[in-house]
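Under our numbering, the sequence shown is numbered contiguously, ending at residue 580. Where a beta carbon is used, it is the ideal one built from N, C-alpha and C, also for glycine. Quantities reported herein were computed from a predicted structural model and do not represent experimental measurements.
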Amino acid sequence: MNYIDNRRRGRRTAAAAALLLTGSILGWTAQSDFGPTASAAPSAPAAAVAAAPAPMAAASYAGVVEQITPAVVTIRSERLVRNISQDLPPGLREFFGDRFGDRSRRQVPERREGGLGSGVIVRPDGYILTNHHVVAGAESVNVELTDGRSFKAKVVGSDQPSDLAVLKVEGTNLQTLALGDSDAVRVGDVVLAVGNPLGVGQTVTMGIVSAKGRATGADGSFEDFIQTDAPINQGNSGGALVSTGGQLIGINSQILTPSGGNIGIGFAIPANMAKNVMTQLIEHGEVHRGMIGVTIQPVTSDIARSLGLSQVRGALVNSVQPGSPADKAGVRRGDVITAVNGDPIRDGNSLRNEVSQLLPGTATKLTVLRDGKEQALTVTVAELRRSASEPEDRAGDGATTGFGMTVEVLDREQARELGIAAGSGVVVTAVQSGGRAATAGIRAGDVIVEVDRRAVTTPDALRSALQNGSRPALLLVRRGESTFFVTLDRQ
């Protein structure tokens, strides 16, 4: 079995735990690898809380299960792994030299590999929602229904950033599952997970919504997961997370596990996000996402104190791209975006997801906090483009600040290397290990542009600004092509 662990799908994991995609027994596996797997012993029931008895669960969910299971399908995908020429190991090549010529490269025979996942029929004309990773790279895809019918499926479109894909089959009398409103789902709601775990056949498990708005940190992805403890295992990818009212509220996608098996931490893509991606894939074959041209960071409790905010919420703007929609709308560095079209913004991930689901050209209302006052701005969304990474740290000599770092004036040559104007700040030449600057996340090579929203251009100006005040200092830092805020403890 070929596991896809957190090294490829993300960086946020609990100790010794791996974040697994739950399709294809986690990736491409030879079909002969599938075999029976022993089930874990059932866990002991939780002790009752005498003081406040909880509502009793339904005696049976059989009626809901009968309604929803015909719409959940098994997906089997296949690809051909082509010949791969491999060099002889270095020791053998040195021994034999080049006497064998091209024969020194051995041929690995072609083979077919299969993958297993699940999907949900969402339209009577044969459209099926599943995960991108269930069908990625597949040369053929087959869909199996619970009534025994099997269809060849066409991949209409696949979107890696959301891990969603849409398939199409030509069939009649297809039972569908209605997409519900995932925004209305509450933590604590009872849910059912349906899929084909480990190829044993369609299986229904039950749990609750454990959390909402989760992100597992996969690079370049758009994540707003519903977390559930309903058992989800390998092969459940693309399957349904369903409310007890029989509505599709999520597409099962990942599990967090130290062993490859379920431990009660599963993640489903919310139905509202899936609906938006599905519609675009069906209509355009690809997904267009909105952007407004800002870089953002979380509002921490220290930053909230520095800005005088009453709540830790929203997304802090640390730079505005010149000429971008946000720039034209009047968004400024240091603004805290708290709502988009009236929908509250919890954090940077929330803002990114909200904006990405807006079509380019859409006029959008942003609510921002600036200098403690709420303002409304209208921004016309542009289309998202990818870019940019940050360079390596630099070190050098300079003036001490008394805060665990040394700095120097940003001269013309350094400014040119960094791609900014001379006199735009002071450059950090060294950071003391364990000092206050290091604790704040400042690195050698960073350029400190502002302290408490005021520009600093000399080491003396920086030192004076840091020594003046009792609250944590709010520093605007430029690192490569990125700018962001950090707080530095003055005490």
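Could you tell me which of ASN430, GLY339, LEU218, THR456 sits nearest to LEU405, measuring between CA atoms?
THR456
Using the C-alpha atoms, what's the distance from PHE311 back to ASP654?
Since the displayed the chain opens at 90 and closes at 580, residue 654 lies outside it and no answer follows.
Going straight from the alpha carbon of GLU228 to that of ARG165, what length do you get?
11 angstroms
Cut-off 6 angstroms between Cβ atoms - residues of its own chain near VAL154, not counting five sequence neighbours on either side:
VAL293
Output the distance between the C-alpha atoms of ALA477 and ARG567, rounded to the nearest integer angstrom.
With a pLDDT of 34 at ALA477, under the threshold of 50, the modelled position of this residue cannot be trusted, and the question is left open.
Bridge-paired residues (DSSP) for LYS241
ASN231
Residue nearest to LEU256 in terms of C-alpha spacing, selected from LYS462, LEU565, ALA527, LYS241:
LYS241
In whole angstroms, give me the CA-to-CA distance for ASP482 and MET494.
Low confidence applies here, because ASP482 scores a pLDDT of 28, under 50, leaving its location unreliable; read the following figure in that light. So the alpha carbons of these two residues sit roughly 14 angstroms apart.
Could you check the C-alpha separation between GLY534 and GLY558 for me, to the nearest Å?
26 angstroms
Return the first residue and the last residue of the alpha helix (DSSP H) that LEU555 is part of.
548-556
Should ASN322 be labelled buried (16 or more other beta-carbon atoms within 10 Å of its own) or exposed?
buried
Boundaries (first-last residue) of the beta strand (DSSP E) holding GLN386
383-387
Check the DSSP bridge columns for VAL586 and list the partner residues they point to.
Nothing about residue 586 can be read from this structure; the chain reaches only from 90 to 580.
Using 10 angstroms around the beta-carbon of HIS222, count the other beta-carbons present and answer buried if the total reaches 16, otherwise exposed.
buried
Nearest-angstrom Cα separation, counted from LEU473 out to GLY508
23 angstroms
Run through the DSSP bridge pairs and tell me what ARG303 is partnered with.
PHE314
Span of the beta strand (DSSP E) holding LEU337?
337-346
With 16 other CB atoms within 10 Å as the buried threshold, where does ASP432 fall?
exposed
Going by the DSSP bridge assignment, what does VAL444 pair with across the sheet?
Partner(s): none; VAL444 has no beta bridge.
On the three-state DSSP scale, how would you describe GLY288?
helix
Find the nearest neighbour of LEU564 within the set GLY461, ASP578, VAL540, judged by alpha-carbon distance.
VAL540
ALA510 to ASN285 span [Cα, whole Å]
59 angstroms
So the candidates are GLU570, VAL517, THR572; which of them puts its Cα closest to the Cα of PRO548?
VAL517
Ranges of the alpha helix (DSSP H) found wholly within the region 500-530, counting only runs of at least 4:
501-507, 525-529
Minimum length 4: unbroken alpha helix (DSSP H) runs contained in the region 392-469:
414-418, 437-445
Out of curiosity, what's the CA-to-CA distance linking TRP117 and ILE371?
Annotation note: pLDDT 37 at TRP117 (below 50); position unreliable, coordinate value reported separately. Approximately 26 angstroms between the Cα atoms of the pair.
Where does ASP272 sit, in a helix, a strand or coil, going by DSSP?
helix
Give the DSSP bridge partners of TYR216, in chain order.
LYS257
Can you name the residues that DSSP bridges to VAL223?
Per DSSP, none; premise fails for VAL223.
7 angstroms CB neighbourhood of ARG560 in its chain, flanking five on each side removed
ARG394, SER395
According to DSSP, simplified to helix, strand and coil, what is GLY152?
helix
Between ILE531 and PHE574, what straight-line distance do the alpha-carbon atoms span, to the nearest angstrom?
10 angstroms
Would you check if the distance between the CB atom of VAL280 and the CB atom of GLY296 is smaller than 8 angstroms?
yes
Could you round the C-beta distance between ALA360 and GLN264 to whole angstroms and report it? I think they count as a contact, below 8 angstroms.
That pair is no contact at about 18 angstroms.
Just the C-alpha distance for VAL209 and GLU233, rounded to the nearest angstrom, thanks.
11 angstroms
Mind checking whether GLN383 and ALA415 have CB atoms under 8 angstroms apart?
First, the amino acid is wrong: residue 383 is Val here, not Gln. It is a contact, given that the beta carbons lie within the stated cut-off.
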